[in-house]
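The numbering of the sequence shown is my numbering, which starts it at 1 and goes up by one.
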Amino acid sequence: MPARENGAITNLSSSSDTLINLDHGDPIVFESFWKKMGEKCSVVISGSQSLSYFANTKNLCWFLEPELEEEIRRLHRVVGNAAAEDHYVVVGTGSTQLVQAVLFALCSSASGETPPEPVSVVAAAPYYSCYPEVTDFLSSKLYKWGGDAQSFDKKGPYIEFVTSPNNPDGSIRESIIVKKRGEEEGKVVHDLAYYWPHYTPITSPARFDIMLFTVSKCTGHAGSRIGWALVKDKYVATRMTKFIEVNTIGVSKESQLRASKILGAISDGSLQSSSNNFFEYGRLLMEERWEKLRQVVGRSNIFSLPKYPQEHCLFTGKLSETHAAFAWMKHNMATEDLEKLLRGKKILSRSGSRFGSDQSYVRLSMLGREDEFKLFLERLTAIQ
Ligand code: PMP
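See the structure below:
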């Protein structure tokens, strides 16, 4: 069992002027685990190593380091969160690059023809705020943001992003449009960035055609910028690889080697019931933060938080609930602008309006530093 952080405010001044930034989901919370691992996860790369653009010319994804592919597949087997046997692995510079690669792959043709009109890209609100931003960033002729999947009724092709557990609200989701219309016209991309046992019970291995994962939210190494896609269809995997070839001519070898070391360490640690078990360590940290936040929110009638069901986790063998990476907090007065109210208390959050929801909601990162989280709870307690 990990040593619980004692919560002392160490680096952060507790003065009322200190700005607490809970807008971004920067995953610093797991830093204490990696400090504890010391040199075990260090990677040394010599000057003569990894000069080539290529990693394995025989692989469809020719810039994917073989050892990273091996560790990705092993980790999914150990955790049991995705069935990857029939899938190609495509590595990306974060899953943000893979989101763009998948849009390109699903909407473009090899001959370069553009569709008669841009393909609609949708997600059920509240949706991850980067999907509309990334989709419309370059005003592509291939695809265009189509808004909330729940109210989407346009005929013709579409792509639906299904994020599960969902960013921002932690809910477990499935495709909305496929349920309504069947599968003919549309493609579904499952973004499973948070389908790991420190955030949510693993109830079955995911078996979807396109699944996105990221080291950022799995291990906390967001700075390495490594994500991966598990893709069933060879053509789609080839087109995603093509996108990354044109966009960045592959993905940093140094980052891939570091990520494979880190993923290998958490697979090894998961097989031991010791303090080296990263997911158990992370789960207890997240559980502790959620407990504290629920206590503070529960003391007043001003705010509310989502409730999550208890599920049996196949990885831990225990009954547990989701401890989401973000708190989707609501002001109980529907007309309140909660982001503004918190900003007045020097707490930065992301407004519900950025997620296709309304301003009475905010998304707050649960992944920041302990001293920052503690100060946030103190300030939230003071709002009565
Ligand atoms: N998908 C979801 C649902 C996310 O929350 C994030 C990170 N906020 C990403 C993708 C992108 O992650 P990265 O680019 O760091 O791999």
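The beta-carbon is built from N, C-alpha and C at its ideal position, and this holds for glycine as well.
For residue j and residue i, the rounded distance between their alpha carbons
i: residue 52; j: residue 245; result: 14 Å
i: residue 226; j: residue 95; result: 7 Å
i: residue 38; j: residue 268; result: 16 Å
i: residue 380; j: residue 293; result: 9 Å
i: residue 287; j: residue 215; result: 21 Å
i: residue 47; j: residue 297; result: 53 Å
i: residue 233; j: residue 371; result: 46 Å
i: residue 61; j: residue 224; result: 19 Å
i: residue 195; j: residue 27; result: 15 Å
i: residue 167; j: residue 122; result: 14 Å
i: residue 71; j: residue 263; result: 6 Å
i: residue 374; j: residue 20; result: 10 Å
i: residue 105; j: residue 241; result: 9 Å
i: residue 86; j: residue 208; result: 10 Å
i: residue 124; j: residue 45; result: 43 Å
i: residue 285; j: residue 29; result: 8 Å
i: residue 7; j: residue 278; result: With a pLDDT of 34 at residue 7, under the threshold of 50, the modelled position of this residue cannot be trusted; read the value that follows with caution. Between residue 7 and residue 278, the C-alpha separation is close to 20 Å.
i: residue 231; j: residue 239; result: 11 Å
i: residue 378; j: residue 203; result: 35 Å
i: residue 126; j: residue 49; result: 44 Å
i: residue 366; j: residue 113; result: 44 Å
Residue environment, residue i, which counts as buried when at least 16 other CB atoms sit within 10 Å
i: residue 211; result: buried
i: residue 344; result: exposed
i: residue 139; result: exposed
i: residue 103; result: buried
i: residue 249; result: exposed
i: residue 4; result: Only weak support is given to the placement of residue 4: the predicted model assigns it a pLDDT of 34, under 50, and the question is left unresolved by the model.
i: residue 351; result: buried
i: residue 43; result: exposed
i: residue 164; result: buried
i: residue 280; result: buried
Residues near residue i in its chain [Cβ-Cβ closer than 7 Å; skip 5 each side]
i: residue 68; result: 91, 256, 259, 260
i: residue 349; result: 22, 23, 339, 342, 362, 363, 364
i: residue 132; result: 145
i: residue 175; result: 160, 162, 188
i: residue 9; result: Caution is warranted here: a pLDDT of 40 is assigned to residue 9, below 50, making its placement in the model unreliable, and the coordinate value is therefore given only provisionally. Contacts found: 371, 374, 375.
Residues of its chain near residue i, where Cβ-Cβ distance is below 6 Å and the 5 sequence neighbours each way are ignored
i: residue 1; result: Model confidence at residue 1 stands at a pLDDT of 33, short of 50, so the residue's coordinates are unreliable; what they give is reported in the following sentence. Excluding sequence neighbours, residue 1 sits near nothing in its chain.
i: residue 265; result: 41
i: residue 382; result: none
i: residue 330; result: 304, 360, 361
Beta-carbon proximity check, residue i vs residue j, cutoff 9 Å
i: residue 99; j: residue 73; result: no
i: residue 358; j: residue 327; result: no
i: residue 311; j: residue 319; result: yes
i: residue 388; j: residue 229; result: Nothing in the structure corresponds to residue 388, since the chain is present only between 1 and 384.
i: residue 186; j: residue 177; result: yes
i: residue 271; j: residue 80; result: no
i: residue 83; j: residue 205; result: yes
i: residue 332; j: residue 97; result: no
i: residue 128; j: residue 355; result: yes
i: residue 289; j: residue 316; result: no
i: residue 346; j: residue 136; result: no
i: residue 220; j: residue 34; result: yes
i: residue 142; j: residue 116; result: no
i: residue 275; j: residue 384; result: no
i: residue 243; j: residue 101; result: yes
i: residue 368; j: residue 217; result: no
Beta-carbon proximity list for residue i, same chain, < 8 Å, skipping 5 on both sides
i: residue 64; result: 55, 56, 89, 90, 91, 251, 256
i: residue 158; result: 119, 120, 121, 122, 146, 152, 177, 185, 186, 187
i: residue 110; result: 239
Within-9 Å CB hit, residue i to chain C
i: residue 330; result: Here chain C cannot be found, since the structure has a single protein chain.
Ligand 2 heavy atom lying under 8 Å from the CB of residue i
i: residue 293; result: This structure simply doesn't include ligand 2; it includes ligand 1 instead.
Would you list, in sequence order, the uninterrupted beta strand (DSSP E) runs of no fewer than 3 residues that lie entirely inside the segment 97-125? 119-123
Which runs of the beta strand (DSSP E), 3 residues or longer, sit entirely within the segment 289-334? 326-331
Inside the segment 135-212 only - beta strand (DSSP E) runs reaching at least 3 residues: 143-148, 158-163, 186-191
Report the start-end ranges of each beta strand (DSSP E) in the segment 220-297 that is 3 residues or longer and not cut off at the edges. 226-231
Length-filtered (4 minimum) alpha helix (DSSP H) runs lying within the segment 40-91: 66-79
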